[in-house]
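Colleague:
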Amino acid sequence: MLIPQRPPIVMVDVVWSADEQSADTGLTIQEDNIFVKDGLFREPGLIEHIAQSAAAFAGYGTFVRGEEPKLGFIGEIKDCVFNLMPPVGSELRTHIQLVTVIGGIRLINAEVRLKDELVATCVMKFFLKDD
Amino acid sequence: MINNYFTILRSEATDNLSGVVSIRLNAHSIVYEGHFPGEPVSPGVCNIEMIRECAEAVHGHALRINRIKQCRLTTLVTPLNHSTADVTINLQEQEPNTYRLTATLGKGEETYLTLKADVADE
Amino acid sequence: MEKKELIAKINSVLAEEFEVEESIITPEANIKKTLMLDSLSLVDMLVLIESEFGVKIQPTELVKVQTFEALYDYLAERV
Numbered sequence: 042m043l044i045p046q047r048p049p050i051v052m053v054d055v056v057w058s059a060d061e062q063s064a065d066t067g068l069t070i071q072e073d074n075i076f077v078k079d080g081l082f083r084e085p086g087l088i089e090h091i092a093q094s095a096a097a098f099a100g101y102g103t104f105v106r107g108e109e110p111k112l113g114f115i116g117e118i119k120d121c122v123f124n125l126m127p128p129v130g131s132e133l134r135t136h137i138q139l140v141t142v143i144g145g146i147r148l149i150n151a152e153v154r155l156k157d158e159l160v161a162t163c164v165m166k167f168f169l170k171d172d
Numbered sequence: 506m507i508n509n510y511f512t513i514l515r516s517e518a519t520d521n522l523s524g525v526v527s528i529r530l531n532a533h534s535i536v537y538e539g540h541f542p543g544e545p546v547s548p549g550v551c552n553i554e555m556i557r558e559c560a561e562a563v564h565g566h567a568l569r570i571n572r573i574k575q576c577r578l579t580t581l582v583t584p585l586n587h588s589t590a591d592v593t594i595n596l597q598e599q600e601p602n603t604y605r606l607t608a609t610l611g612k613g614e615e616t617y618l619t620l621k622a623d624v625a626d627e
Numbered sequence: 347m348e349k350k351e352l353i354a355k356i357n358s359v360l361a362e363e364f365e366v367e368e369s370i371i372t373p374e375a376n377i378k379k380t381l382m383l384d385s386l387s388l389v390d391m392l393v394l395i396e397s398e399f400g401v402k403i404q405p406t407e408l409v410k411v412q413t414f415e416a417l418y419d420y421l422a423e424r425v
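Chains as they are written, first to last, in the working numbering: chain A, 42 to 172; chain B, 506 to 627; chain C, 347 to 425.
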């Protein structure tokens with residue numbers, strides 16, 4: 042596992058690819074997902090999915106270096122726009138791009154897509170423990 | 506949304522746009538089974554959702570978050586160390602039925618989380 | 347871009363991002379104090395300047411860029 046979260050709050054079920062600069066992750070929304078309400082995956086679920094995608098991205102770097110994954114902490118969520126709430130059964134695909142690392146603060150851009158549609162975009166800043 | 510994540514202890518609304526909601530975090534909520542096993546930490550997104558629901562309590566109407574302009578997570582919140590806290594809610598009408606929500610989660614002088622978001626009547 | 351235009355653009359971009367009145371931005375004012383920047387928002391400023399002006403300020407050079415005047419000069423030399 043690349044992320045420290047466990048059920049029922051695992052919001053990434055596949056890491057398609059990852060390198061030092063970016064990662065692509067996915068999530069298929071199950072009916073019993075705790076962030077589903079009235080058949081739709083709601084805003085907090087989308088943010089958690091993005092945060093865990095960022096965690097998977099951070100975890101991958103340490104994974105390939107043969108190190109133990111470091112715990113990551115979100116410092117800030119910015120300019121997070123929700124265009125739609127995906128229905129149960131949707132297969133989300135998310136791209137995480139590292140923008141910069143300044144003084145131990147990592148800034149990433151995230152784009153969540155459902156096929157060709159842009160579901161949400163977000164900027165996040167996070168720290169790695171002991172970084 | 507998430508059963509048993511928190512309980513509203515008291516809600517003091519000045520009007521339908523601002524107020525303070527006192528809450529209790531429930532350490533037995535299902536989210537702590539996975540966040541993290543044996544080490545309960547309140548997920549930031551659950552706290553954002555809690556703030557949205559507190560805003561609805563003050564506003565007296567369902568609200569949808571369209572955009573988070575900024576959310577700062579300044580303290581690691583746990584249901585054991587932060588079992589009760591206050592949510593301050595301030596809504597400023599921008600256009601009819603859309604508002605800028607400015608909210609904090611904290612206790613006394615300490616702030617755990619600040620949120621600026623664009624919300625709309627649902 | 348003329349320096350006067352550049353200054354106007356810097357001021358308006360920063361005032362909008364950090365939600366301050368443009369009138370409080372004066373050449374001799376301290377950037378961090380005026381815009382109320384902490385370590386997280388400082389990252390925003392550096393990213394914003396890079397995207398708006400195509401200039402990357404190295405964190406190590408920040409000590410030289412304390413006032414708006416210093417920022418105008420820094421960018422004017424590099425834009």
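No residue lacks a Cβ here, since even glycine has one placed at the ideal position from N, Cα and C. Every value quoted in this text rests on a predicted model; they were computed, and no experiment measured them.
Give a yes or no on whether the minimum CB-CB distance between F123/A and chain B is below 8 Å.
Modeller: Closer than 8 Å to some Cβ of chain B, the Cβ of F123/A qualifies, so yes.
Colleague: Check this for me: beta carbons of T512/B and I528/B, under 8 Å apart or not?
Modeller: Cβ atoms of T512/B and I528/B: closer than 8 Å.
Colleague: Is there at least one Cβ from chain A nearer than 8 Å to L360/C's Cβ?
Modeller: Closer than 8 Å: no.
Colleague: Find out if the Cβ-Cβ distance for the pair H136/A, D65/A is shorter than 8 Å.
Modeller: Yes.
Colleague: When you compare each of A625/B, I570/B, E554/B to L618/B by their alpha carbons, which one comes out closest?
Modeller: Here the closest residue by C-alpha is E554/B.
Colleague: Would N602/B count as contacting chain A if we go by Cβ distances under 8 Å?
Modeller: Cβ-Cβ to chain A under 8 Å: no for N602/B.
Colleague: Can you tell me the Cβ-Cβ gap for R572/B and A608/B, rounded? I've got them flagged as a contact below 8 Å.
Modeller: Going by Cβ atoms, the distance from R572/B to A608/B rounds to 14 Å, so no, they are not a contact pair.
Colleague: Of the choices D54/A, V56/A, L68/A, S58/A, whose alpha-carbon is the least far from that of E132/A?
Modeller: Answer by Cα proximity: L68/A.
Colleague: Do the CB positions of I50/A and G539/B come within less than 8 Å of each other?
Modeller: It is a contact, given that the beta carbons lie within the stated cut-off.
Colleague: Any idea if E89/A is buried or exposed, counting beta-carbon neighbours within 10 angstroms, 16 or more meaning buried?
Modeller: That one is buried.
Colleague: Terminal residues of the continuous beta strand (DSSP E) containing G145/A?
Modeller: No beta strand (DSSP E) holds G145/A; DSSP gives it neither H nor E.
Colleague: Nearest to N3/A by CA position, among C163/A, V105/A, A95/A, is which residue?
Modeller: Coverage of chain A is limited to positions 42 through 172, which leaves residue 3/A absent and any answer about it impossible.
Colleague: How should K410/C be labelled, buried or exposed, when 16 other C-beta atoms within 10 angstroms of its C-beta is the threshold for buried?
Modeller: Exposed.
Colleague: Just to confirm, does G107/A get its C-beta within under 7 Å of one of the non-hydrogen atoms of the ligand HEM?
Modeller: Annotation note on the ligand HEM: not contained in the displayed structure, which lists no ligands.
Colleague: Tell me the DSSP secondary structure of Y510/B in three-state form.
Modeller: Residue state, collapsed to three classes: coil.
Colleague: Would DSSP call G102/A helix, strand or coil?
Modeller: Helix.
Colleague: May I have the straight-line CA-CA distance separating T603/B from M126/A, to the nearest angstrom?
Modeller: If I take the Cα positions, the gap works out to 18 Å.
Colleague: Which term fits M347/C, buried or exposed, when burial requires 16 or more other beta carbons within 10 angstroms of its beta carbon?
Modeller: M347/C comes out exposed.
Colleague: Pair every Cβ in the segment 584-593 of chain B with every Cβ in the segment 516-531 of chain B, then say whether three or more of these pairs are closer than 8 Å.
Modeller: Yes, since at least three Cβ pairs between the segment 584-593 of chain B and the segment 516-531 of chain B fall closer than 8 Å, the two stretches touch.
Colleague: Going along the chain, which unbroken runs of the beta strand (DSSP E) with 3 or more residues stay wholly within the segment 535-573 of chain B?
Modeller: For the segment 535-573 of chain B, not a single whole beta strand (DSSP E) run of length 3 or above is found.
Colleague: CB-CB under 6 Å to Q407/C, same chain, minus the five flanking residues each way: which ones, in chain order?
Modeller: The identity of residue 407/C in the sequence shown is Glu, whereas the question assumes Gln. Taken in chain order, the list of residues that qualify is empty.
Colleague: Check whether chain A comes within 8 Å of V411/C, counting only Cβ atoms and requiring the distance to be less than that.
Modeller: For V411/C, the answer is no, since every Cβ of chain A falls outside 8 Å of its Cβ.
Colleague: I'd like to know whether the C-beta of V526/B is nearer than 8 Å to at least one C-beta of chain A.
Modeller: For V526/B, the answer is no, since every Cβ of chain A falls outside 8 Å of its Cβ.
Colleague: Using CA coordinates, which residue listed in F76/A, L81/A, V56/A, R106/A is at the minimum distance from V129/A?
Modeller: Among F76/A, L81/A, V56/A, R106/A, the Cα nearest to that of V129/A belongs to L81/A.
Colleague: Name, going along the chain, the residues of the segment 83-99 of chain A whose beta-carbon falls closer than 8 Å to a beta-carbon of chain B.
Modeller: From the segment 83-99 of chain A, only R83, E84, P85, G86, I88, E89, A92 have a Cβ closer than 8 Å to chain B.
Colleague: Between S523/B and I594/B, which are expected to be in contact by the criterion C-beta below 8 Å, what is the C-beta distance as a whole number of angstroms?
Modeller: 6 Å between Cβ atoms; contact.
Colleague: Anything in chain C within Cβ reach of G116/A, meaning under 7 Å, just list it in chain order.
Modeller: Per Cβ cutoff of 7 Å: L386.
Colleague: According to DSSP, which residues form a beta bridge with Q138/A?
Modeller: DSSP, once it has assigned bridges, lists S63/A, N150/A as partnering Q138/A.
Colleague: Going along chain C in order, which residues have a C-beta closer than 7 Å to the C-beta of L148/A?
Modeller: V389, V393, listed in chain order.
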